[in-house]
Amino acid sequence: MVRHSELHGLTIAHLDCDAFYATIEKRDRPELRDLPVVVGGRHRGVVAACCYVARARGVHSAMPMFKALKACPDATVIKPDMKKYAAVGRQVRAMMRNLTPLVEPLSIDEAFMDLAGTEALHRCSPATTLAALARRVEEELSITASIGLSYNKFLAKIASDRDKPRGFSVIGRAEARTFLSDQPVSLLWGVGKAMRQRLSRDGIRLVGELARIDQAELVARYGKIGRRLWLCARGEDDRRVEPESKAKSMSSETTLDRDTAELAGLRPILWQLAETVARRMKKAGIAGKGVTLKLKTADFRIVTRGRRLHSATRSAEELFRAAEPLLVREIDGRAFRLIGIGVHDLVEAGQVAQGELFGSIGSTESKVEKALDAVREKFGSAAIVKGRGLGIKLERQGPSKVE
Amino acid sequence: MEFTVRKLDMLQEVGLTQGAVEKKTTIPILANVLLDAGSGEINLAATNLDLGIKSSCVAKVQEPGAVTTPAKNFLDILRSLPDEEVRIKKLENNWLRIECASASFKLVGLPTDNFPTLPVFETALVEISARDLLGLINKTIFSVAEEEVRFALNGALLLVKPLSLTMVATDGHRLAHVERPGNFEHLSSEISALIPKKALAELQRLLSEAGEKDTVSFGQSETHLFFQMGKRLLVSRMVTGQFPNYEAVLPKENHRSVVLDREELATAIRRVSLLADNKSHTVQIVLDNNKLEIRSSNAELGEARDELDADYSAGKIDIGFNCQYILDFLAATEDPSISFDFKDDESAGQLRPAGAEDYRYRYVVMPMRV
Chain A
38 MVRHSELHGL
48 TIAHLDCDAF
58 YATIEKRDRP
68 ELRDLPVVVG
78 GRHRGVVAAC
88 CYVARARGVH
98 SAMPMFKALK
108 ACPDATVIKP
118 DMKKYAAVGR
128 QVRAMMRNLT
138 PLVEPLSIDE
148 AFMDLAGTEA
158 LHRCSPATTL
168 AALARRVEEE
178 LSITASIGLS
188 YNKFLAKIAS
198 DRDKPRGFSV
208 IGRAEARTFL
218 SDQPVSLLWG
228 VGKAMRQRLS
238 RDGIRLVGEL
248 ARIDQAELVA
258 RYGKIGRRLW
268 LCARGEDDRR
278 VEPESKAKSM
288 SSETTLDRDT
298 AELAGLRPIL
308 WQLAETVARR
318 MKKAGIAGKG
328 VTLKLKTADF
338 RIVTRGRRLH
348 SATRSAEELF
358 RAAEPLLVRE
368 IDGRAFRLIG
378 IGVHDLVEAG
388 QVAQGELFGS
398 IGSTESKVEK
408 ALDAVREKFG
418 SAAIVKGRGL
428 GIKLERQGPS
438 KVE
Chain B
388 MEFTVRKLDM
398 LQEVGLTQGA
408 VEKKTTIPIL
418 ANVLLDAGSG
428 EINLAATNLD
438 LGIKSSCVAK
448 VQEPGAVTTP
458 AKNFLDILRS
468 LPDEEVRIKK
478 LENNWLRIEC
488 ASASFKLVGL
498 PTDNFPTLPV
508 FETALVEISA
518 RDLLGLINKT
528 IFSVAEEEVR
538 FALNGALLLV
548 KPLSLTMVAT
558 DGHRLAHVER
568 PGNFEHLSSE
578 ISALIPKKAL
588 AELQRLLSEA
598 GEKDTVSFGQ
608 SETHLFFQMG
618 KRLLVSRMVT
628 GQFPNYEAVL
638 PKENHRSVVL
648 DREELATAIR
658 RVSLLADNKS
668 HTVQIVLDNN
678 KLEIRSSNAE
688 LGEARDELDA
698 DYSAGKIDIG
708 FNCQYILDFL
718 AATEDPSISF
728 DFKDDESAGQ
738 LRPAGAEDYR
748 YRYVVMPMRV
C-alpha cells in the first residue's frame with residue numbers, strides 16, 4: 038500500500054487490467070508464463086496485446102505483427118479469443134459493481150469507478166476498498182490490474198498508467214499541477230496526434246506551458262476544446278463517473294489479412310461487419326440513422342465516409358446498402374488494410390418514432406433478416422450466411438466498439 | 388462573336404439558366420453559361436449534367452460566334468447595368484468584353500469545345516397546360532424525399548392518362564397525391580415519369596410567369612425528361628428506380644372526418660409547436676365531442692395546448708403527427724377549409740381540401756409511433 042497524505046480522501050478510481058489478453062492466455066497456458074506472448078492476427082494485422090516480457094523486447098500493442106516478430110522472433114503468437122476475454126472482463130466489472138453502482142466501463146478491460154460515500158458501507162476508505170479489489174481480482178481471476186486513484190477521471194486514468202503492472206498510484210490535489218507541469222501535452226484527455234502537432238506549432242509541448250495561458254485565449258485559439266485543455270492543464274475535470282452511459286455509436290472493424298484494393302475482396306467483409314453491428318444493435322434494442330464507413334489505407338491514412346438514412350435502422354441489409362456505395366466510391370486503386378462500419382445518431386426502440394407509410398419497402402428483407410437471426414440464435418452465428426458474405430472468414434475481427 | 392442586346396432581355400434569360408449552373412467548381416466549364424450568337428438571336432445554355440436549361444433572346448448580331456463565360460459573374464454584371472443596350476464582343480482567348488452606357492467589363496471565358504452537349508429533344512409526347520403543371524408541382528414538391536438510399540423517392544411521379552393528369556410524391560412518411568381531369572385522349576400509351584426534385588424546383592421558376600393559355604411540351608428519352616416552354620427548354624436526367632406502390636397506402640377507410648378552417652388550424656399548430664419536442668416535432672391531436680385539441684410537450688421546455696371548435700362526434704381520436712408535415716399541406720392547399728380524415732389512432736391520417744375543387748388533392752401522413 039502506498040503512503041500519501043490525501044490517500045483516504047480521494048474517491049475516483051480507474052482500473053485497468055494489465056496486458057489483459059496476454060495475461061489471460063498466460064493464465065490458461067502456464068507453460069508460457071516466462072515467455073514472450075503476443076496476441077493478434079497470425080499472418081498480418083496488428084498486435085492486440087502483448088505480455089510484459091514481449092514489451093521488454095520492444096513490442097507494443099497496435100504494432101504491425103511483422104514488426105513485432107522482427108523485434109521478438111521467438112514470441113508465441115496467439116489468435117485472440119474475444120469471447121473468453123469478454124467473459125473475464127465481465128467478471129472484473131461485476132467485482133467493481135459489488136463495491137459501487139457508479140462504474141463506467143471504457144472498454145473490455147478498464148473502467149472508472151466513483152467510491153464517494155461508500156466508506157460507511159465498506160467500513161474503510163476508498164483506497165483500502167480498492168486495494169482489496171485488486172487483491173480479489175488477482176486471487177479469483179488470476180490476472181492483475183493497475184489502479185489509479187485521484188479526485189477526477191482524467192487524473193485517475195493517468196495514475197493507473199503510472200505504475201503498471203500491478204500498480205496502485207495516487208494523484209492528490211496538492212501535487213496535481215506540479216506533476217502535470219513537466220508532462221507532455223499528449224497526456225491530456227483529448228489531445229491526439231493532430232492536436233499535439235497544432236499545439237507544438239504554437240510552441241506548446243508541456244502541460245505547464247499550457248497552464249500559463251488563460252482560458253479565453255485557449256478558447257479563441259482552439260475553439261471548444263480550449264476550455265477542456267485549460268481545465269486539464271490545471272488538473273481539473275468536471276466529468277462525472279456515469280454508469281451505463283448511453284451508447285452514442287456502435288461500430289465494428291477489422292484489419293484485413295492482406296492489403297486489398299478490390300471491391301470484390303472488400304464487399305463480403307463489409308457485409309459481415311454490417312451483420313455484426315446489426316446483431317449488436319438488435320441486442321441492445323437500439324437503431325441508428327447515421328452510417329459511417331471507415332477505411333485505413335496501406336500507408337495508414339484513415340478515410341471515413343458517412344451518410345444519413347431517412348429513418349433509423351438496425352437492419353444489416355440497410356446498413357450494408359447505405360455503406361456499400363460509399364465503399365464503391367473509394368475504390369480507385371488504393372489498397373486498404375482496415376475496413377469498418379459504424380452507426381451513430383442512435384435511438385432507443387420504444388422512443389417516439391415517425392411511422393412509415395411503406396412498411397413494405399424492404400419488409401421482405403427484414404423478414405429474411407428476422408429468420409436469419411432466429412436460426413443463428415438457435416444454431417450459432419455460422420449456421421447460416423448470406424451469399425455475399427461467403428468465402429471470407431474474418432481472421433481477427435477487431436473489438437467492436439461502443440462509444 | 389459580337390452582338391447588341393437589351394439588358395433586361397438578356398438578364399431574364401441568364402437568370403433562368405442559373406438553376407442549372409454547377410455550384411461546385413470541380414468541372415470549371417459547368418459553372419459557365421454558353422452564349423451562341425446566331426441570326427438575330429443568342430442561344431443560351433447551362434448544365435450541371437443532371438439538369439440543363441436552354442433558352443434564347445433577341446439580339447442584333449454583328450458577328451456570329453460562341454463562347455462560355457462564368458454564369459454567376461455574368462449575371463451579376465448584367466444586374467448591375469443600367470437598363471440600356473449592352474454590347475458584347477468576344478475577344479482573343481475567349482475573353483468577353485461587355486459594355487453598357489459608360490461601363491465596360493472584360494470577363495474571362497472558356498472555349499465552347501468542352502461544354503457538354505445537351506440531349507436533343509426529339510418528340511413531344513404531350514402538351515400540358517403550364518398552369519396545371521405548376522399547380523401539381525406546388526402541391527407535391529415538399530413531399531419529395533432527399534434520400535441517399537431509396538433513390539426512387541427523390542422524384543415526383545408524373546402520370547398522364549387519357550383523361551387525367553396526376554402527380555405523386557412521398558418521402559416514406561407522408562404522401563401528396565393530386566389529380567386533375569385532362570384531355571389526353573390522343574395518347575398512344577400512358578406516360579409515367581419520375582421528375583427529380585431539383586428539376587421540379589426549376590420548373591416552378593420557369594412556369595411561374597406562364598399565362599393561362601401557355602402549354603408545356605413534354606417528352607422523354609431513355610434517360611432524360613424534356614419540358615419545352617416556348618423558347619425555353621429544361622432537360623433533366625430522370626430518377627431511376629421503382630416508385631413505391633402508392634395506391635396501396637391511399638386510405639380507404641378514413642371515415643371519421645372533421646372539417647376545419649385552414650388558417651385557424653395552421654395558426655394553432657404553429658402556436659403549439661413552439662414547445663414541441665425538438666427532435667420529433669410531434670404535436671398531439673385529440674378530437675372528441677366537437678373539439679379539436681392540439682397539444683405538445685417538451686421534456687426540457689414545458690408544454691402547450693390550444694383548441695378549435697369542430698363539428699365532430701364520430702368517437703375519440705388521439706394521434707400524434709410531425710407538425711411540419713401538417714403545416715406543409717396547409718401552406719400548399721388553396722381552399723379556405725380542409726377536411727382531416729382519420730381511421731383510428733395508429734393509421735395514417737388524410738388531409739384534403741374540403742371545398743369543391745376542379746382537382747382531387749389528397750395528402751396522407753403517417754402518425755408518430757409511441
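Line order of the protein sequences matches chains A and B.
Using the working numbering, the first residue of the first sequence is number 38, and each one after it goes up by one.
Using the working numbering, the first residue of the second sequence is number 388, and each one after it goes up by one.
Built from N, CA and C at the ideal position, the CB exists for glycine as well.
Exercise for review: Given a cut-off of 8 Å, decide if A/Thr165 and A/Thr137 are closer than it, judged by their beta-carbon atoms.
Suggested key: no
Practice item. Using a Cβ-Cβ cut-off of 8 Å, state whether A/Arg358 counts as contacting chain B. Key: yes
Review point. Does the beta-carbon distance from B/Ala433 to B/Val392 come in below 8 Å?
Key: No.
Review point. Got a sec, what are the start and stop residues for the beta strand (DSSP E) B/Ile515 sits in?
Key: 513–516
**Study point:** Close beta carbons around B/Asp693, own chain, < 6 Å, minus the five adjacent residues each side
**Key:** Ala655, Arg658, Val659, Ile681
Check your understanding: In whole angstroms, what is the alpha-carbon distance linking A/Arg66 and A/Arg134?
Key -> 29 Å
Practice item. Within the same chain, show all residues whose beta-carbon is closer than 6 Å to that of A/Ala59, passing over the 5 residues directly before and after it, in chain order. Key: Val74, Val76, Ala86, Cys87, Cys88
Review point. Alpha carbon to alpha carbon, what distance is there between B/Trp482 and B/Arg474?
Key: 14 Å
Point to revise | Distance between beta carbons of B/Glu589 and B/Ala407, contact taken as under 8 Å | key: Contact annotation, B/Ala407 with B/Glu589: C-beta distance approximately 7 Å; criterion of less than 8 Å satisfied.
Point to revise | Cβ contact (3+ pairs, closer than 8 Å) linking the region 575–586 of chain B and the region 428–442 of chain B | key: yes
Exercise for review: Please state whether DSSP places B/Val392 in a helix, a strand or coil.
Suggested key: Note: B/Val392 maps to strand in three-state DSSP.
Review point. Taking contact to mean at least 3 C-beta pairs separated by less than 8 Å, is the region 261–278 of chain A in contact with the region 235–250 of chain A?
Key: yes
Point to revise | Which listed residue (A/Ser98, A/Trp226, A/Asp275) has its alpha carbon closest to that of A/Ala196 | key: Nearest C-alpha to A/Ala196: A/Trp226.
Practice item. Look up A/Leu375 in the DSSP assignment and give the residues it is bridged to. Key: A/Thr292, A/Lys333
Point to revise | Local conformation of B/Phe502 per DSSP, three classes | key: When DSSP states are grouped into helix, strand and coil, B/Phe502 belongs to the coil group.
Check your understanding: Can you find a C-beta in chain B that's less than 8 Å from the C-beta of A/Arg344?
Key -> Yes, because at least one Cβ of chain B sits closer than 8 Å to the Cβ of A/Arg344.
**Study point:** A/Ser400 burial status per 10 Å Cβ neighbour count (16 or more: buried)
**Key:** Because A/Ser400 sits at a pLDDT of 46, beneath the cut-off of 50, its placement in the model cannot be relied upon, and the following sentence gives the value as read from the coordinates. Label assigned to A/Ser400: exposed.
Exercise for review: Determine the chain A residues that contact B/Met753 at a beta-carbon separation under 8 Å, and present them in chain order.
Suggested key: Gln391, Gly392, Glu393, Leu394
Practice item. Alpha carbon to alpha carbon, how far is B/Leu403 from B/Ser443? Give it in angstroms, no decimals. Key: 11 Å
Check your understanding: To the nearest angstrom, how far is it from the Cα of A/Leu69 to the Cα of A/Ala108?
Key -> 18 Å
Check your understanding: Quick one: which chain B residues come within Cβ less than 9 Å of A/His347?
Key -> Here the neighbours are Ala532, Glu533, Glu534, Glu535, Val536, Arg537, Leu540, Asp558, Gly559, His560.
**Study point:** Nearest-angstrom Cα separation, counted from A/Glu299 out to A/Lys443
**Key:** What the structure shows of chain A is the stretch from 38 to 440, and residue 443 of chain A is not part of that stretch, so it cannot be assessed.
Check your understanding: Which same chain residues, not among the five before or five after A/Asp239, have their C-beta less than 8 Å away from its C-beta?
Key -> Cβ within range, chain order: Arg258.
**Study point:** Run of the beta strand (DSSP E) containing B/Ile706, from where it starts to where it stops
**Key:** Per DSSP, the unbroken beta strand (DSSP E) holding B/Ile706 starts and ends at 704–709.
Exercise for review: Please state whether DSSP places B/Gly452 in a helix, a strand or coil.
Suggested key: DSSP, read as helix, strand or coil, puts B/Gly452 in strand.
Point to revise | Per DSSP, the bridge partner or partners of B/Phe727 | key: B/Val645, B/Leu738
Practice item. Mind listing the chain A neighbours of B/Ala735? Cutoff is C-beta to C-beta under 9 Å, in chain order. Key: Gly392, Leu394
Review point. Which partner residues does B/Tyr748 have in the DSSP bridge list?
Key: B/Val565
Check your understanding: Are there three or more Cβ pairs, one per stretch, closer than 8 Å when the region 494–503 of chain B is compared with the region 599–611 of chain B?
Key -> no
Point to revise | Through-space distance from A/Ala193 to A/Val222, alpha-carbon basis | key: 17 Å
Practice item. Taking only the alpha-carbon atoms, compute the straight-line gap between B/Leu468 and B/Pro457 and give it to the nearest angstrom. Key: Cα to Cα, the separation comes out at about 17 Å.
Check your understanding: By how many angstroms is the C-alpha of A/Val228 removed from the C-alpha of A/Ser397?
Key -> Residue confidence for A/Ser397 is low, a pLDDT of 40 falling below 50, so the modelled location carries little weight; the figure read from the coordinates is stated next. In a straight line, the C-alpha of A/Ser397 is about 47 Å away from that of A/Val228.
Point to revise | Strand pairing of A/Gln391, partner residues [DSSP] | key: B/Met755
Point to revise | Cutoff 8 Å: B/Pro503 Cβ touching any chain A Cβ | key: Taking Cβ atoms only, chain A never reaches closer than 8 Å to B/Pro503, which makes this a no.
Practice item. Starting from A/Lys150, follow its DSSP beta bridges and name the residues at the other end. Key: Per the sequence presented here, residue 150 of chain A reads as Met, with Lys not at that position. According to DSSP, A/Met150 bridges with A/Ala50, A/Val140.
Review point. When DSSP labels each residue in this structure, what does A/Cys502 get in the three-state scheme?
Key: Since the first and last residues shown for chain A are 38 and 440, residue 502 of chain A lies out of range.
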